[in-house]
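A.B. asks: Residue numbers (the working numbering), protein chains in the order written: chain Z, 1371 to 1484; chain U, 28 to 138. Sharing a structure, written as structure tokens. Questions coming.
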Amino acid sequence: AQSVTQPDIHITVSEGASLELRCNYSYGATPYLFWYVQSPGQGLQLLLKYFSGDTLVQGIKGFEAEFKRSQSSFNLRKPSVHWSDAAEYFCAVVPLGGYQKVTFGTGTKLQVIP
Amino acid sequence: DAGVIQSPRHEVTEMGQEVTLRCKPISGHDYLFWYRQTMMRGLELLIYFNNNVPIDDSGMPEDRFSAKMPNASFSTLKIQPSEPRDSAVYFCASTPGAVATFGSGTRLTVV
């Protein structure tokens, strides 16, 4: 069955530390891949996307993500976390072709401690 | 570009009442999605439209839920009658292709 998995429900990091949020997908063909961020009480904002080409993609707010086909993963990274990065992060996929149905992972809530 | 506009931002209603949530997608976006977000179930896709036509409503939880898109610039999600378990944040999103833009959501509380 097609799915997108975020194995970490909650992550706590210290301000200034590096961050990696995991995302794995299970689709017949590599889908389009996205990371969204949701601040408390807000809607979802697109951080970055991968369609094809360079497997390391840069996004807003200093985030990047690496697509690894062999691992069916699209992990989100940031070298140095800021307190304002505390939010919930969602990995999302859109299957190739057909209608643009976005499916979200369950989200990872990031807490940043001073 | 005003983005995806949802109204109201907050809605508190009594059980049994009809609730209508509204969404104005970004002009030119021919896909529109309705999502529901709860602590227990995360983000669930309820229904989506392409060129105003409902494509997949398999996520609509019950017959109490209905959605319409009478034209390219307006969509509604209606719950009738509402129940406390419908309390959630409802998001609308639109896209011309793969990258969806989300509205700020409507926080619905059914008491």
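Where is the CB? At the ideal position from N, CA and C, for every residue including glycine.
(1) Ends of the beta strand (DSSP E) at asparagine 98 of chain U?
(2) From the DSSP output, in three-state form, read off isoleucine 1430 of chain Z for me.
(3) Is leucine 104 of chain U close to chain Z, meaning its C-beta is less than 8 Å from at least one C-beta of that chain?
(4) Check whether the Cβ atoms of valine 1464 of chain Z and alanine 125 of chain U lie closer than 8 Å to each other.
(5) Along chain Z, in chain order, which residues have C-beta atoms closer than 9 Å to that of leucine 59 of chain U?
(6) Going by DSSP in three states, arginine 112 of chain U sits in which element: helix, strand or coil?
(7) Using the three-state DSSP reduction, which class does arginine 49 of chain U fall into: helix, strand or coil?
(8) Short of 7 Å in beta carbon distance, which residues of its chain neighbour tyrosine 1397 of chain Z, apart from the five on each side in sequence? Order them along the chain.
(9) Taking 8 Å as the cut-off, does the segment 96-113 of chain U touch the segment 1438-1455 of chain Z (at least 3 CB pairs, one atom from each stretch)?
(10) Have a look at the DSSP bridge pairing and note the partners of phenylalanine 1421 of chain Z.
(11) On a Cα-Cα basis, can you pick out the residue from U:Asp113, U:Val138, U:Thr103 that is closest to lysine 51 of chain U?
C.D. replies: Taking the geometry as given:
(1) 92-98
(2) helix
(3) no
(4) yes
(5) Going along chain Z, no residue has its Cβ under 9 Å from leucine 59 of chain U, so there is no contact; the nearest lies around 10 Å.
(6) helix
(7) strand
(8) Gln1372, Val1463, Pro1465
(9) no
(10) According to DSSP, which records beta bridges pairwise, phenylalanine 1421 of chain Z is partnered with nothing at all.
(11) U:Thr103
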